[in-house]
Amino acid sequence: KNDQKPYTVTASYVVPISKHMRIKADAGWNYVDGHIKQATETKVNDEQTFSIDSMLCGRANSHYGGFLSNLSYMYNRKRWNVVGGTEFHSYELWTENDRERIIYNYNTLLPFLFIKYLHGNVKWNLQYKTSQKFPTVYQLLEAINNSNAIMSVKGNNRLGASYHHNLSLRLLLTNKDAGNHFVFFTNFEYADNYIASRRSLSSTSFVENGNHRNSEMYSYVNTDGYWSTKVLLAYGFPLRPIKSNINISTMLEYSNIPGYWDMDKLTNRQWDWNAFLTIGSNISKNIDFVFDSNVKYSQRTNMAFQKMDVSYWSLSYGAQLKWLITDFLPLTLECGNTCYYGSGTSQFNAVIANASIGYKFLKKKNAELQILCHDIFNQDNSFLVTTTELYRRQMKTSLLKRYFMLKFTYNFNSIK
């Protein structure tokens, strides 16, 4: 059983200083109430007798919140819009389980600044904000969850709140006459007292391929050293000969994520690079097509265990055609391909194709009967590489592959 409820009450007062300037004051109360309870029974000797396992059962209560206030300055004039100030939180984090009760008090200043500038074809936004992130009640529950034999999970009742800084800048350049636009975006985040993961070997064991091996314990701990950044560039322009719009973008992300193996601190460095190309048509009301492609490179480097390093490329591309053959006969065709290269991923390539044709009827074409085929080539699959500061996992999921469906849709058109 897991239950969490937030409650917030605030009041605001705005004082005009001049035509373009204001002072705003807020005061209020915020409270988040969380409860979680876990009960597990294990078999005793024969299969019909069960007993409560104290290591796998427990409860946790978490309550945080308190008084909050905000004082901000606002300036708004033609090209400029500026909001800056600080919030003050006098919060209490109160956690309790079957053995102990822990109380943390936080008197925290959370400054913020937002600047917006607009002039002709140029628009840019600068934003800086701070925030507190409190542990979830699940992260505080110290009863062991062993539903996964390979990795059990145990919370930490002594977790505290983390403090985050976030700085972002966005620039937009548009040319309405030519139909072009350019976007630049960057973001940086840094955290104090970050809630990190801790991994260690547990005393329990399980059998894998005939061999006994120890299960692992996954928990949480506060630490420093987390930061991340990302940069995005995007450019769009019309391609008038085929009455289409082209959008090109690229994004680079980097994260420095701390974690622990027993008492040893680890760092996982994550690089991700993406490049996108999309061509969208606007030929007529009867024909539309979209072509899109994506190239991605991912790299994970563990500073302590090189065996956990991984790097791979993925390439995705596809197209969609929508054709209204007549007023009552719509046709849709879709086809796409995804390829993985590196770290043993090339076996997970697939070509996915879907098709559907419909028949619209009744007076206003409100009703439609459609037959569709999903995954014509019967190749659909799901591949995912998950890499954290503590482990690397490759996962392939079996999906529902080729199937046919008859679909009926009726549109009431209640809006005149």
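Per the working numbering, the sequence shown starts with residue 5, numbered consecutively. Ideal placement from N, C-alpha and C gives every residue a C-beta, glycine not left out. Note that the structure is a prediction, hence the values are computed from the model and not measured.
From the DSSP secondary-structure annotation, give me the bridge partner or partners of Q383. By 1-based counting over the sequence shown, the position of residue 383 is 379. Looking at the DSSP assignment, Q383 forms no beta bridge with any residue, so it has no partner.
Would you mind working out which of I329, L335, C343 and N161 sits nearest Y321, comparing C-alpha positions? Residue numbering aside, residue 321 sits at position 317 when the sequence shown is read from its first letter. That would be C343, whose Cα lies nearest to the Cα of Y321.
Using the C-alpha atoms, what's the distance from N197 back to S318? On the sequence shown, position 314 is the one that residue 318 refers to. On the sequence shown, position 193 is the one that residue 197 refers to. Between the alpha carbons of S318 and N197 lies a gap of roughly 35 Å.
The stretch 64–72 touching the stretch 83–90, judged by at least three CB pairs closer than 8 Å: Segments in contact, no.
Residue burial classification, G32 (beta-carbon count within 10 angstroms, cutoff 16): Here residue 32 refers to the residue found at position 28 when the sequence shown is read from its first residue. Classification of G32: exposed, given that the 10 Å Cβ count is below 16.
Taking 7 Å as the cut-off, decide whether the C-beta atoms of R273 and T305 are in contact. Here the question's residue 273 lines up with position 269 in the sequence shown. Here the question's residue 305 lines up with position 301 in the sequence shown. In terms of Cβ geometry, R273 and T305 form a close pair [threshold 7 Å].
Run the CB neighbour count on K158, radius 10 Å, all protein chains shown included, and call it buried at 16 or more, exposed below. As a working note, residue 158 is residue 154 in the sequence shown. So K158 counts as buried.
Cα-Cα separation between R244 and G183, rounded to whole angstroms: Translated into positions along the sequence shown, residue 244 becomes position 240. Translated into positions along the sequence shown, residue 183 becomes position 179. CA-CA distance, R244 to G183, rounds to 10 Å.
Which same chain residues, not among the five before or five after Y17, have their C-beta less than 7 Å away from its C-beta? The residue given as residue 17 occupies position 13 in the sequence shown. Contacts found: A29.
Using a Cβ-Cβ cutoff of less than 8 Å, which residues in the same chain neighbour N382 once the five nearest sequence positions on both sides are dropped? Walking along the sequence shown from the start, residue 382 turns up at place 378. Contacts found: K405 and R406.
Alpha-carbon to alpha-carbon, I27 and A15: What you label residue 15 is simply residue 11 of the sequence shown in a count that begins at 1. What you label residue 27 is simply residue 23 of the sequence shown in a count that begins at 1. Between A15 and I27, the C-alpha separation is close to 14 Å.
For E372 versus T413, is the C-beta spacing smaller than 7 Å? Locating residue 372 in the sequence shown gives position 368, where the first residue counts as 1. Locating residue 413 in the sequence shown gives position 409, where the first residue counts as 1. Contact: yes.
Through-space distance from V299 to S285, alpha-carbon basis: Against the sequence shown, residue 285 aligns to sequence position 281. Against the sequence shown, residue 299 aligns to sequence position 295. In this structure, the alpha-carbon of S285 lies about 22 Å from that of V299.
Alpha helix (DSSP H) segment containing Q274, residue limits: Start at 1 with the first residue of the sequence shown, and residue 274 comes out as number 270. Annotation for Q274: no alpha helix (DSSP H) segment contains it, though the beta strand (DSSP E) segment containing it runs D268 to S285.
Exposure of V314, with buried meaning 16 or more beta-carbon neighbours within 10 Å: Along the sequence shown, read from residue 1 onward, the residue named residue 314 stands at position 310. Its Cβ being crowded by 16 or more others within 10 Å, V314 is buried.
Could you pull the DSSP bridge partners for V19 from this structure? Position 15 of the sequence shown, counted from the first residue, corresponds to residue 19. The partner list for V19 (beta bridge, DSSP) reads I27.
In or out: K247 buried (at least 16 other Cβ within 10 Å) or exposed? Locating residue 247 in the sequence shown gives position 243, counting from the first residue. Classification of K247: exposed, given that the 10 Å Cβ count is below 16.
In chain order, each beta strand (DSSP E) run of at least 3 residues that lies wholly inside the stretch 315–370: Counting only runs of 3 or more, we get 333–345 and 354–365.
Pull up the DSSP beta-bridge partners for G240, would you. Translated into positions along the sequence shown, residue 240 becomes position 236. Its beta-bridge partners are H185 and N251.
Work out the CA separation of L175 and N80 for me, nearest whole Å. On the sequence shown, position 76 is the one that residue 80 refers to. On the sequence shown, position 171 is the one that residue 175 refers to. Approximately 19 Å between the Cα atoms of the pair.
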